Structures are given as C-alpha cells and as structure tokens.
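Residue numbers (my numbering), protein chains in the order written: chain E, 87 to 390; chain W, 644 to 977. For reference, the structure discussed in these notes is given below.
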Amino acid sequence: MSTPGDLLIAPFERPFMYRALLEVLLLGTLSAVVGVLVLLRRLAFLTDALTHAVFPGVVIGFLIAGDSGIVPGALLVAVAAAAGFTALVSTRRVTEDAAMAMLLTGCFAVGVVLVSRRESYTSDLTAFLFGRLLTVDSTDITVTAVTAAVALAVLALIHKELLLRAFDPEGARAAGYPVWLLDLVLNLVIALVVVAAVRAVGTVLVIALIVIPAAAARLLSDRLVVIVLASIGLGVLGGWLGLVASYEASVRHEIRLAAGATVVLALVVIYALALLVAMLPRRSRGARSRERRQRRPASSRGAT
Amino acid sequence: MDRWSIMTGNAQAPCLTAPDGPDGAPSPVAIPTTAAPVAAVATALAADAIALPDQVGAVIPDTAIPGAAIPGTAAGESGGQAGAAPAALSLEHASIAYGRVPVLHGVHGVLHPGRTLALIGPNGAGKSTLIKAVLGLVPVVDGLITVLGRPPGAARREVAYVPQADTLDPDFPISVGQVVLMGRYRGIGWIRRPGRADRAAAQAALEAVGLAHRARDRFGTLSGGQRQRVLLARAIAAQPRLLLLDEPFNGVDVVSQDALLAALSTLTAAGTAVVVSTHDLALAQLISDEVCLLSGRQITFGPPAEALTAEPLRAAYGGAALEIDGRGVVVTRV
Chain E
87 MSTPGDLLIA
97 PFERPFMYRA
107 LLEVLLLGTL
117 SAVVGVLVLL
127 RRLAFLTDAL
137 THAVFPGVVI
147 GFLIAGDSGI
157 VPGALLVAVA
167 AAAGFTALVS
177 TRRVTEDAAM
187 AMLLTGCFAV
197 GVVLVSRRES
207 YTSDLTAFLF
217 GRLLTVDSTD
227 ITVTAVTAAV
237 ALAVLALIHK
247 ELLLRAFDPE
257 GARAAGYPVW
267 LLDLVLNLVI
277 ALVVVAAVRA
287 VGTVLVIALI
297 VIPAAAARLL
307 SDRLVVIVLA
317 SIGLGVLGGW
327 LGLVASYEAS
337 VRHEIRLAAG
347 ATVVLALVVI
357 YALALLVAML
367 PRRSRGARSR
377 ERRQRRPASS
387 RGAT
Chain W
644 MDRWSIMTGN
654 AQAPCLTAPD
664 GPDGAPSPVA
674 IPTTAAPVAA
684 VATALAADAI
694 ALPDQVGAVI
704 PDTAIPGAAI
714 PGTAAGESGG
724 QAGAAPAALS
734 LEHASIAYGR
744 VPVLHGVHGV
754 LHPGRTLALI
764 GPNGAGKSTL
774 IKAVLGLVPV
784 VDGLITVLGR
794 PPGAARREVA
804 YVPQADTLDP
814 DFPISVGQVV
824 LMGRYRGIGW
834 IRRPGRADRA
844 AAQAALEAVG
854 LAHRARDRFG
864 TLSGGQRQRV
874 LLARAIAAQP
884 RLLLLDEPFN
894 GVDVVSQDAL
904 LAALSTLTAA
914 GTAVVVSTHD
924 LALAQLISDE
934 VCLLSGRQIT
944 FGPPAEALTA
954 EPLRAAYGGA
964 ALEIDGRGVV
974 VTRV
C-alpha cells in the first residue's frame, strides 16, 4: 500500500519526472508573480495576443536550427511583439477588436502554414502548441531558471512604479513617470514568461499558468502581498498536482493524460475551489449585514 | 431640459451651482452639488474651520448682482505681491491644443504661493486641459506657462495632482495606506524602497484629512468622498508647492467636503498654492483668491468678487436669461 505521501512524492524519483517537476515549479512561481501584474493591469488579452504572436517565431526557430532554435526564435519574435503591442496601445488604436483578432489569427496561421510543410506535421504542431513537459532536459530548466531570475529581479526593482502605473496611470504621468517605458518593461517580462514556458507547456497553455493562479489568489484576498504569495502557492500546487495526476493515470491506470494539459486542469480545479471558498464567507458576511439591517429598523421602531 | 439655476441657499451663503454645459446633459452629481454646499458652507462659516479670505465674507451678499460688484481690493493685493514672491503659477496668454485641435486660448493670470485659484466653466471648457498643461502633459502651443519659475514639465517634483476619485478602479487590491505612500514615490526615486520617514509622512498626511484610522482598509471600500480625501492625502504626502485638484468636490458628502476644505486651508496657510477646478460657484467663492472663468477661452481671471458676476458667467455658460431675486440670482435657460 502506498500512503498519500508516497503518492505525491514517489513519481518524482524518476529523473524525467523530477526534471518536469523542477520546470513546473520554476514556471509556476514566475508566471504566478507576473500573473498578478497581468491581473492588476487587465492584460490577459495582451498576454494571449503575445502567445499567438510568439507561435510563428517558435516554428521558424525550429525550422532553422531544430530544437535549439525554438527559444531564440520565440525570444526574438516575443520581444518584437511586446514592443509592437506597447506602441499600438500607447497610440490607443488597439480598441479595434476585429483588427486585433485578424492580426493574431494571422500570426498563428503563418506558424501553422510553416509547420504543415514538414512530414512530422502533427506531432510538431502538438509540441509547439501544448509543449512536451515530460521531455524537458537540463538545458531547458537552466533557460527557465535564468529567465525567471531576470524577470523576477526586474519586477522586484520597479514594483512600486508598476503598482502606481497600474492603479493610477494619469497620476503616474502627472508625477512625471514614463508610463510607456513601464508598459514596455512589463510587456517584455510577460514575453519572457511566454518564451520560458514554450518548451514545457507550449504557446497555448502558458496563458493558463499566468492568469489562473493570480485570479484564484485575487478571490482569496484583498491584500497585494497575500495575493502574490497565494498566487505562487497555487501555481506551484497546480503544477505539482497536475504532474502527479498525469503520472498516476498513465502508469497505474493506463489512461494517457498529457502532462501540460493536466497541469492546466489542476489549476482550473484550484480556481473553482478558490471561487467556492470566496463565496462562502461572503454569503455569511452578507447575511450578517442583512441581519443588522433588519435589526436596526426594529430598534428604531421601538424608540418611536 | 435646458434649465439650470444659480440659487441662493441662505442669506449668508449664496449657493451658486452651474450646469455641466450648454448640451444640457444632467450631471450625475447635480443633486449633491445643489444640496450639500449649503450645509457645508454654513458649517464652515459657523465653525470657522477654514481661513476665509477677508473680502469673500464682505462681498458675498452683493457679488451675484450684476453691476454691484466692486473691483475688489484683492486685485490690488495680488498686484502688490507680484514683485515680492515668485509666482507659483504664471500664465501668459497661453494657448493649449491636443494635437492640432486647439482647446483653450488666451489664458492669462498669476497665482502666488499660499493662494487658491478656482477654475470655473462648463464641461469641455478646458479646465482639465489647463491642469494637464500645467503638469506638462499637454503642450502649450502659444504663449507661456511657468510653474514655480520653470517650464511645466520641469517642476513636477514640487507639483502634486489630485485626480477625481471615481476615475480609479474600486476593485484594485490596494490599501489606503499604500495609496497615500504613493505620494512619496517620486521623492524616493526608482528602485529604492519607502523608508520610515516616508511612512511617517504618509501617516501624517492621512491624519490631515481625518482618515488615519482607515489606513489598513482597502481603498475601494471607502465612500467616494473618503477616497477623494485619501487622494488629497497622497498629494499632501508629496509636500508640493503647487497642488492641482480636478473636480475634487464632485459627488462628495458634506463631512468629506469639510475635511477636504480644512486640509486645503492648512496647506495654503503653509504657503502651498492651490488650483482647483469645480462646478460649485458658491464653493469657489468661499475658498478662492482668484477665479479663472473658462469656456474654450479665458472669459475672465480675477478675484471672485469680479469674476463670479452675471456678465462673465453669462459669457461662460451661454446666453442665459438672468433674474434677480433679492440676494440670489436665478439663471434660467429656455
């Protein structure tokens, strides 16, 4: 018999699972922190746009230099896209949804067209879109670790300016802050996260890693510090549980579950639980204030 | 309905309210601005909570009556001061434009340290634009704006801006204390973290607006008026020499309005120059030393006794009929 503890730890005695866990913990931490800023700035849409834009970069990098070309290709396109989106938004022309949607699907189509010319079309496409979490090697982990260190250091250094810009952009401008520069830096950091996650979870699933832990954490607290810590905790927890579930299902029950997608599903479940937790106390809080309201007219009636 | 009124609240404190604009769109805050200032002004007068400029109390009963306005002593005063202290804000025939679209022209006047300037005019008159130009966010295409002896953008460290509270997201997970601390950011500089002195200054600023006990609450849980006070506290924490407020009294309850006025009078007493845009003519009359009446151009710039009279008001708000009824004036537009 295996104890629950074994269940959660035993899978990671295998080297490929251990590497996958390391990768997921790094990505979970990084994307959870960046996710809080994405949430505060309401940049989920832009993040999604970046993931779409990065896709052709991944494909082109792979076509030119094989596996080792993926990250440089993604990085190049992601940086260009982040700069482009910043410029677009600062001229305030990004409100045209249709044009934006066209641009995104256009980028995506370029990637698909390029990859469709290869014989291993389907498996390559799957790998680019959904990642290959279980085959990450130590180079991938190093790339993710370095990316995470750079991105988190940047956020730590300018978090107060980013906070002011997110809360009160007009006030930030009035105080003389270069808002466009702050926006560019944050967009570049988001682009870095997308690039770091490309090999492991692909361009489609990374948006879940960024958005879900932060959104769940926001449900649990109103305090920024708590939200950041909870987001990291939930992101890491989702990665861990997702890997375990995928491993257990595949090895013990012979049900093949794609690791990356299972991690995303674990995060969705965590979000649902957070939603439940957030609703319960609120309802009782509501009930309490309702009781108070009902009591007050009664007492005033008594007074008259 | 295109009806707006300038009405008298009580004998001591005429309450003048202006409509949002010639388009006749009803202001969402029409009711509070009509009702609240009466009580607020009355409280302020009774409690002597704010340092009243001398001429206001003396002139109020007459100011609203056309022709009765005396070219005030205040003009002479400010003229005398001009040589002594450097102006906090100097506007010299300034024209302001967004891109190629001219928004405001012919703005001319001087605001000295410790004095209050009220910007009055219908919506779209250019009040916010003038504030943005003083902040250096909108270019001056003609003439000159000088802020504390420097070009607008160069003086930002000594200028603080208070936006309207309802432009900020009430769901944003940030505490009142954190918001006020933001006023210190510019002084702290990039990368460095707030220190003990910054926290003390933020706390003192929050006390100045009477909200020290709410420091740990989330900003969005406060009432609109309290949020406006927090934003004023943020500006106070920056210790500015020039303070710019965009419609700070819109939708603000009496308690918060009194708190705002008290904090502002403390600031001006300490030498800070204040520019405040408002729809509330009675309030402008009460708190301002100078009034700048705008409507796409400057109608007039001068002491409230001169500026808030029938002729300039009619020029700013359109061709309105004017009825005089005792001490009050009712302006009706049919």
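We put the beta carbon where it would ideally sit given N, CA and C, even for glycine. For clarity, every value in this text was computed on a predicted model and none was experimentally measured.
1. Could you pull the start and end residues of the beta strand (DSSP E) that R803 (chain W) belongs to?
2. Does DSSP put Q882 (chain W) in a helix, in a strand, or in coil?
3. Bridge partners for R793 (chain W) per DSSP, in chain order?
4. What residue range is occupied by the uninterrupted beta strand (DSSP E) comprising L734 (chain W)?
5. Name, going along the chain, the residues of the region 845-874 of chain W whose beta-carbon falls closer than 7 Å to a beta-carbon of chain E.
6. Taking 8 Å as the cut-off, does the region 855-874 of chain W touch the region 283-292 of chain E (at least 3 CB pairs, one atom from each stretch)?
7. Mark V822 (chain W) as exposed unless 16 or more other C-beta atoms lie within 10 angstroms of its C-beta, in which case mark it buried.
8. Check the Cβ-Cβ distances between R743 (chain W) and every residue of chain E, and say whether any is below 8 Å.
9. If distances are taken between C-alpha atoms only, which option among E:I341, E:L353 and E:L329 comes closest to E99 (chain E)?
10. Below 7 Å, is the gap between the Cβ of T921 (chain W) and the nearest heavy atom of the ligand PLP?
11. Does chain E have any CB closer than 8 Å to the CB of P813 (chain W)?
12. Answer yes if the region 748-757 of chain W comes into contact with the region 801-817 of chain W, meaning at least three C-beta pairs across the two stretches below 8 Å, and no otherwise.
13. Who are the neighbours of F253 (chain E) on chain W, taking C-beta pairs under 8 Å?
14. Inspect the beta-carbon positions of L270 (chain E) and T115 (chain E) and report whether they are closer than 8 Å.
15. If you check the beta carbons only, do L824 (chain W) and S920 (chain W) fall under 8 Å apart?
16. Locate the beta strand (DSSP E) running through V919 (chain W), then write down its first and last residues.
17. Skipping 5 residues on each side, what residues in its chain have a beta carbon closer than 7 Å to that of V314 (chain E)?
18. Examine chain E for any beta-carbon lying closer than 8 Å to the beta-carbon of L886 (chain W), and answer yes or no.
19. Counting only the same chain and skipping the five closest in sequence on each side, list residues whose C-beta sits under 6 Å from that of Q941 (chain W).
20. Once DSSP output is grouped into helix, strand and coil, what is the label at T745 (chain W)?
21. Please check if any C-beta of chain W sits within less than 8 Å of the C-beta of R309 (chain E).
22. Within 8 Å of any Cβ in chain E, is that where the Cβ of I834 (chain W) sits?
23. Along the region 257-268 of chain E, where does the CB come closer than 7 Å to a CB of chain W? Name the residues.
24. Tell me which residues of the region 227-252 of chain E have at least one Cβ-Cβ distance to chain W shorter than 8 Å, keeping chain order.
25. Go ahead and label G152 (chain E) buried or exposed: buried means 16 or more other beta carbons lie within 10 angstroms of its beta carbon, across all protein chains shown.
26. Specify whether the region 318-329 of chain E and the region 349-360 of chain E touch according to this definition: at least 3 beta carbon pairs, one from each stretch, less than 8 Å apart.
The relevant details are as follows:
1. The residue given as residue 803 (chain W) occupies position 160 in the second sequence. Note that residue 803 (chain W) corresponds to Ala in the displayed sequence, not to Arg. Per DSSP, A803 (chain W) belongs to the beta strand (DSSP E) from V802 to V805.
2. In the second sequence, residue 882 (chain W) corresponds to position 239, counting from 1. Q882 (chain W) falls in the coil class under three-state DSSP.
3. Position 150 of the second sequence, counted from the start, is the residue given in the question as residue 793 (chain W). Paired residue(s): W:V790.
4. Position 91 of the second sequence holds residue 734 (chain W). Segment L732 to Y741, the beta strand (DSSP E) holding L734 (chain W).
5. Cβ contacts with chain E come from R861.
6. no
7. Position 179 of the second sequence, counting from 1, holds the residue named residue 822 (chain W). Counting Cβ neighbours within 10 Å, V822 (chain W) comes out buried, since at least 16 surround it.
8. The residue you call residue 743 (chain W) lines up with position 100 of the second sequence. Judged by the 8 Å Cβ criterion, R743 (chain W) is not in contact with chain E.
9. Here residue 99 (chain E) corresponds to residue number 13 of the first sequence, with the count starting at 1. Selected option, being the one with the closest Cα: E:L329.
10. The model depicted lacks the ligand PLP and carries no ligand whatsoever.
11. Position 170 of the second sequence, counted from the start, is the residue given in the question as residue 813 (chain W). Judged by the 8 Å Cβ criterion, P813 (chain W) is not in contact with chain E.
12. With the cut-off at 8 Å, the region 801-817 of chain W and the region 748-757 of chain W do not touch.
13. Mapped onto the first sequence, residue 253 (chain E) falls at position 167. Result: L811, D812, F815, I817, V822 and M825.
14. Within the first sequence, residue 270 (chain E) is the residue found at index 184, counting from 1. Within the first sequence, residue 115 (chain E) is the residue found at index 29, counting from 1. No, they are not a contact pair.
15. Position 181 of the second sequence holds residue 824 (chain W). Position 277 of the second sequence holds residue 920 (chain W). Not closer than 8 Å, so no.
16. Indexing the second sequence from 1 puts residue 919 (chain W) at position 276. Start and end: A916 to S920.
17. Stepping through the first sequence from its first residue, residue 314 (chain E) is reached at position 228. In the same chain as V314 (chain E), and ignoring 5 residues on each side of it, the C-beta atoms closer than 7 Å to its own belong to V119 and V122, in chain order.
18. Taking the second sequence and counting its residues from 1, one reaches residue 886 (chain W) at position 243. So, not an interface residue.
19. For the purposes of this step, residue 941 (chain W) is taken as residue 298 along the second sequence, with counting starting at 1. Within the same chain, Q941 (chain W) has close Cβ partners G749 and V750.
20. The sequence position of residue 745 (chain W) within the second sequence is 102, counting from 1. What sits at residue 745 (chain W) in the sequence shown is Pro, not Thr. If DSSP states are grouped into helix, strand and coil, P745 (chain W) belongs with the strands.
21. As a first step, residue 309 (chain E) must be located in the first sequence, where it is residue number 223. Yes, contact with chain W.
22. Mapped onto the second sequence, residue 834 (chain W) falls at position 191. Among the residues facing chain E, I834 (chain W) is included, as its CB has a counterpart in that chain under 8 Å away.
23. G257, R259, A260, A261 and G262
24. L243, I244, K246, E247, L249, L250 and A252
25. Mapped onto the first sequence, residue 152 (chain E) falls at position 66. With a 10 Å radius around the Cβ and a threshold of 16 neighbouring Cβ atoms, G152 (chain E) comes out exposed.
26. yes
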